[in-house]
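For reference, the structure discussed in these notes is given below.
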Amino acid sequence: MGKITDKYHQQVKHGHKHLDPLFDIKEVPKRTYQLGVAILLTGIILSFYDAGIKMYVSSFLVACFCFSILMFMLLKYNGDIKDLTIAIISMVCALLVFSACLEGLQSDQYLYFFPLLISVPLLIDLKKTPFSKSLIFLSIIIASFIICICIGKYVKPLEDFTSAQIGKLALMNRVAAICSTIVFATLYTLFEKKYIDELVEQSNKVINTKTQFLATMGHELRTPLNGIIGVVSLLKNEPDVVKKEEYIEIIRSCSDDMLLLINDILDFNKIEAGKLDIHSEKINLRQLLINISTPFIALAKAKKVELKLEIDPQADVLIFADGTLLGQVLNNLFINALKLTNQGSIKLKVKCHKKDSKTINVKFSIQDTGIGLDKADKEKIYEGFWQVYDENAKQLTGTGLGLSISTRLLKLMGGTLTLDSEKGKGSTFSFDLTFDYTLDLQDITETPVFSEDDLSGIRILLVEDNKINMMIAKKVLTDFKAFVTCTNNGQEALNSLTNDHNYHIILMDLEMPVMNGYIAIYEMKKTYPHIPVIAVTASLVDEQMLADLLASGFSDCILKPFQPHELRLSIQKQLRH
Numbered sequence: 001m002g003k004i005t006d007k008y009h010q011q012v013k014h015g016h017k018h019l020d021p022l023f024d025i026k027e028v029p030k031r032t033y034q035l036g037v038a039i040l041l042t043g044i045i046l047s048f049y050d051a052g053i054k055m056y057v058s059s060f061l062v063a064c065f066c067f068s069i070l071m072f073m074l075l076k077y078n079g080d081i082k083d084l085t086i087a088i089i090s091m092v093c094a095l096l097v098f099s100a101c102l103e104g105l106q107s108d109q110y111l112y113f114f115p116l117l118i119s120v121p122l123l124i125d126l127k128k129t130p131f132s133k134s135l136i137f138l139s140i141i142i143a144s145f146i147i148c149i150c151i152g153k154y155v156k157p158l159e160d161f162t163s164a165q166i167g168k169l170a171l172m173n174r175v176a177a178i179c180s181t182i183v184f185a186t187l188y189t190l191f192e193k194k195y196i197d198e199l200v201e202q203s204n205k206v207i208n209t210k211t212q213f214l215a216t217m218g219h220e221l222r223t224p225l226n227g228i229i230g231v232v233s234l235l236k237n238e239p240d241v242v243k244k245e246e247y248i249e250i251i252r253s254c255s256d257d258m259l260l261l262i263n264d265i266l267d268f269n270k271i272e273a274g275k276l277d278i279h280s281e282k283i284n285l286r287q288l289l290i291n292i293s294t295p296f297i298a299l300a301k302a303k304k305v306e307l308k309l310e311i312d313p314q315a316d317v318l319i320f321a322d323g324t325l326l327g328q329v330l331n332n333l334f335i336n337a338l339k340l341t342n343q344g345s346i347k348l349k350v351k352c353h354k355k356d357s358k359t360i361n362v363k364f365s366i367q368d369t370g371i372g373l374d375k376a377d378k379e380k381i382y383e384g385f386w387q388v389y390d391e392n393a394k395q396l397t398g399t400g401l402g403l404s405i406s407t408r409l410l411k412l413m414g415g416t417l418t419l420d421s422e423k424g425k426g427s428t429f430s431f432d433l434t435f436d437y438t439l440d441l442q443d444i445t446e447t448p449v450f451s452e453d454d455l456s457g458i459r460i461l462l463v464e465d466n467k468i469n470m471m472i473a474k475k476v477l478t479d480f481k482a483f484v485t486c487t488n489n490g491q492e493a494l495n496s497l498t499n500d501h502n503y504h505i506i507l508m509d510l511e512m513p514v515m516n517g518y519i520a521i522y523e524m525k526k527t528y529p530h531i532p533v534i535a536v537t538a539s540l541v542d543e544q545m546l547a548d549l550l551a552s553g554f555s556d557c558i559l560k561p562f563q564p565h566e567l568r569l570s571i572q573k574q575l576r577h
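Listed below in structure tokens is the structure:
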């Protein structure tokens, strides 16, 4: 279970480049260099030709032009200029204007404006380029053409040439301009055909990838769901209390597997859509690492694997970082190590180095003594929907997205995930991150108001239309010793508040009949602005949706399904404010 075939891996891998926003299906940036080289070669030929017919001033002018084009290309290659296209087009137009001043219209040099105009769609994607930018290109060419015609018609040429020289140069310009026009028109047709073929191929690959993705996810989700359904039927008729506890543990394990699968899929989609942002806050690095590692101690102990922490004393520092994203990366690496390690140990090693007055560079590594990886698998493991297969690890579950997600999250944070592994001897995943930090440890002060594990004396108004969700939430909250009042929709909640508004906090679903959470929060905040309201939803909440919820009056948002301790911590956090 959980093993994706190499064939599917290859389909995802090759299809994915077309989904990458950095991949230019029209290859437009590369064409500017190609055009620059073509113009450079043409200019060199014309320069020698002009010198051959004893038009030395024209030859020198074209040679200077070629040198300028070469310099622009080198500057672009070194990253010193951003837009090579507009530089080359401007240089060509300038050359033609100077040529008109030097030669007049008699050499027919103005004919080069026609291939130049046709080359514009080759150099910029008119469908994606802002209209204002496209207009700039066209304006430069058209304005230069008009200037050339006016100069050639009304201004006397600076140089006197013989009829033979002008005849030879005019013939050369006509041939070169006509050939260039034909070549550019043909290339435009060929590139557009290639673009259409690529779009068709991309569409087919996306359809095939989605089909296989749905089939794979159906299998992955159906397996733990089948376990839950089967155990529920056994639990119903089981009188033995010990057996019931065993069955409940199986249900919990299967539910956790399903939640992990769904979270992986949602995180992957969020990253793919570019909706994940970095939100830095001041956190104690050492405490964060301990908090992340603690839940895995019991999991490692259950597998009879030792979990070791080796944290540099310098990590006891306040850094500015997105603790959620950093925690997600380390969680994924811990989960990966636990899956592949059946004996020995797993060690989180954190080393601080390159520390100055403002920043600190930290190296994180998670070492395990698990099954390790073959050399051929080291690159594949970073791809989505792929997992290592081993005879001793057939029980592996999951989407294979954990490392792919971690790689992308680290890229957002400015880090790179590296792997050192040997088959049968374990693996070490490492990454470096640089953080801004402060030496003032008093900046963060925690003043807990509640005991660690309960909500004694807290009155909660629960607004939920789904009976099962209401029953579960009420049971969780009452287990934490809270007093809970339940209502089925926003209108009932407002009626309840009218009768008794002495609630410490409100938990409210968003999608409900009669009155949904969006309307209810507006009414509640008009009359009861002091009561914090937490949104509880099964929707995919991205950064924009969370910002909208906070702007509308919600204090926080909890995603269903939730872990009991997550709900308790969120409530306690709001009541401390």
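Take UniProt numbering: the final residue in the sequence shown is number 577, and no numbers are missing along the way.
By construction, the Cβ of each residue, glycine as well, lies at the ideal position given by its N, Cα and C atoms.
If you look at A321, you'll find it in the beta strand (DSSP E) that goes L318 to A321. When the Cα atoms are used, I262 and L409 turn out to be separated by approximately 18 Å. Closest by C-alpha distance to L41, out of S90, S180 and E249, is S180. One Cα belongs to Q165, the other to V57, and the distance between them is close to 13 Å.
Counting along the chain, H353 sits inside the beta strand (DSSP E) bounded by residues S345 to H353. For K358, the closest C-alpha among the options L333, N291, F320 and L340 is that of F320. S539: not part of any beta strand (DSSP E); DSSP gives it neither H nor E. In the DSSP assignment, L567 falls within the alpha helix (DSSP H) that extends over P564 to R576. Apart from the 5 residues on each side of it in sequence, C148 sits with its Cβ closer than 7 Å to the Cβ of L96, V97, A100 and Y110 in its chain, given in chain order. Contact between the stretch 134 to 141 and the stretch 186 to 194 is absent: fewer than 3 CB-CB pairs across the two stretches fall below 8 Å. Assignment of N208 by DSSP, reduced to helix, strand and coil, places it in the helix class. Around L494, the same chain offers M515, A520, E523 and M524 as residues with beta carbons nearer than 8 Å, after the five sequence neighbours per side are excluded. Around the beta carbon of N204, fewer than 16 other beta carbons sit within 10 angstroms, so the residue counts as exposed.
Assigned with DSSP and collapsed to three states, S293 falls in helix.
In the structure shown, the three-state DSSP call for E238 is coil. DSSP, reduced to helix, strand and coil, places K304 outside both helices and strands of the structure shown, so it counts as coil.
Judged by DSSP secondary structure, L433 falls outside any alpha helix (DSSP H) and instead within the beta strand (DSSP E) spanning G426 to T438. In the structure shown, F364 falls within a strand segment according to DSSP collapsed to helix, strand and coil. Secondary structure at K282: strand, using DSSP grouped into helix, strand and coil.
Straight through space, the alpha carbons of V484 and T478 are spaced by roughly 7 Å.
Contact check for S365 against S430 passes: the beta carbons are separated by less than 9 Å. E103 is the residue among T186, N208, E103 and T32 whose C-alpha sits nearest the C-alpha of K156. Rounded to the nearest angstrom, the gap between the Cα atoms of K282 and V317 is 10 Å. Taking the Cα of H279 as reference, the smallest distance to any Cα among D465, R31, L546 and T416 is reached at L546.
Inter-residue distance for L171 and Q106 is about 11 Å (C-alpha atoms, whole angstroms). Cβ-Cβ distances below 7 Å link F435 to I319, F320, A321, T359, I360 and V362 in the same chain, with the five nearest sequence neighbours on each side left out; the list follows chain order. Taking C-beta atoms as the reference points, V329 and L285 fail to come closer than 9 Å. Per DSSP, I460 is one residue of the beta strand (DSSP E) stretching across R459 to V463. Under the three-state reduction of DSSP, E511 is assigned to coil, being neither helix nor strand. For V476, the enclosing alpha helix (DSSP H) covers residues K467 to D479. Under the three-state reduction of DSSP, F554 is assigned to coil, being neither helix nor strand. Straight-line spacing of the CA atoms in E306 and D368 works out to 10 Å.
Take N331, set aside five residues on each side of it, and the residues of its chain with a beta-carbon closer than 7 Å to its own are I292, in chain order. Annotation: N173 to D108 spans about 6 Å, alpha carbon to alpha carbon. When the beta-carbon positions are compared, S427 and L340 come within less than 9 Å of each other.
In the DSSP assignment, S107 is bridged to no other residue.
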